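Student: All residue numbers for the sequence shown refer to the working numbering, where the first residue is 5 and numbers rise by one.
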Amino acid sequence: MISVSETAKIKLAQLMSEDGFAIEKDYVRVGVKSGGCSGLSYDLNFDKETVETDKVFEANEVKIAVDKKSFLYLVGTVLEFSGGLNGKGFVFNNPNAQRTCGCGESFSL
5 MISVSETAKI KLAQLMSEDG FAIEKDYVRV GVKSGGCSGL SYDLNFDKET VETDKVFEAN
65 EVKIAVDKKS FLYLVGTVLE FSGGLNGKGF VFNNPNAQRT CGCGESFSL
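#1: Grouping DSSP H, G and I as helix and E and B as strand, with all else coil, what is F85?
#2: If you run the structure through DSSP and keep just helix, strand and coil, what is K67?
#3: Since M20 and I14 are thought to touch, with beta carbons under 8 Å apart, how far apart are those beta carbons, to the nearest angstrom?
#4: With burial defined as no fewer than 16 other Cβ atoms inside 10 Å of the residue's Cβ, what is the status of N98: buried or exposed?
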């Protein structure tokens with residue numbers, strides 16, 4: 005399962021609303037794709053629907069959809085949001101990552 009911090013929830017609700025989505029009924033789609041300086045990178049989008057192969061669950065009142073392959077890489081991850089002058093935006097604190105790049109947007113196992 006993926007956890008969502010309170011600050012990430014607030015930012016997700018704001019961004020979803022700006023993009024025509026509703027946090028109460030639509031999904032935050034989280035995934036992993038090839039790329040980035042460490043081999044794998046995170047993917048975060050909004051979606052109104054899920055597909056049969058998705059793992060769907062709720063964390064901190066946020067509906068999350070993850071494809072089954074990505075779910076294996078993301079189990080136990082905490083999605084956080086870091087703002088401020090040096091903030092990076094959304095941060096994936098992934099306990100499965102053995103190596104991450106300096107920007108925190110890619111990882112390897």
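For each residue, glycine too, the CB sits at the ideal point set by N, CA and C. Predicted model only: the values in this text are computed from it and were never measured.
Tutor: Inspection of the coordinates gives the following:
#1: In this structure, F85 counts as strand in the three-state DSSP scheme.
#2: strand
#3: Not a contact, Cβ separation roughly 11 Å.
#4: buried
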